[in-house]
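Take the sequence shown: its position 75, counted from the start at 1, is 81 in this note's numbering, and no numbers get skipped. We put the CB at the ideal spot given by N, CA and C, even for glycine. As structure tokens, the structure follows; a few thoughts come after it.
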Amino acid sequence: MQVEFSKPLIKGIERIQANFASNGYEMVNLLNKDYDERMNIDPINFITDENLAEGKKIITAVIKPQVNYNGVLIQRAQVDISQN
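Next comes the structure, spelled out in structure tokens:
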């Protein structure tokens with residue numbers, strides 16, 4: 007599912023992320039990344055997707071983002087995983 011956002015909203019989000027980064031915070035982008043059970047994240051839902059290759063697992067939704075402070079994990083991500 008692709009969502010269209012307005013340019014002012016995108017710019018606002020970019021400003022917030024830049025402000026976080028300047029203070030040592032980082033929100034890790036996990037969306038559409040391959041899922042590995044060794045990742046330090048909390049899977050909330052596993053969703054079957056017949057369009058994925060056999061055995062493939064992808065993070066398809068981020069409910070709560072992973073947050074690092076000065077390179078140290080302070081909040082684990084909560085995500086949905088699509089798999090086949």
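Between the Cα of residue i and the Cα atoms of the options, which residue gives the shortest distance?
i      : options                           : result
Asn-46 : Leu-79, Gly-61 and Glu-56         : Leu-79
Glu-77 : Glu-20, Lys-17, Ser-28 and Ile-22 : According to the sequence displayed, residue 77 carries Gly and not Glu. When only C-alpha atoms are compared, the closest one is Ser-28.
Asp-48 : Phe-11, Ala-24 and Leu-36         : Leu-36
Would residue i and residue j be called neighbours here (beta carbons separated by less than 8 Å)?
i      : j      : result
Gln-72 : Val-34 : yes
Tyr-41 : Lys-63 : yes
Could you check where the beta strand (DSSP E) with residue i kicks off and where it finishes?
i      : result
Glu-32 : 31–34
Ile-69 : 63–70
Handout entry: Contact the stretch 78–85 vs the stretch 56–69: 3+ CB pairs below 8 Å
Key = Short answer: they touch.
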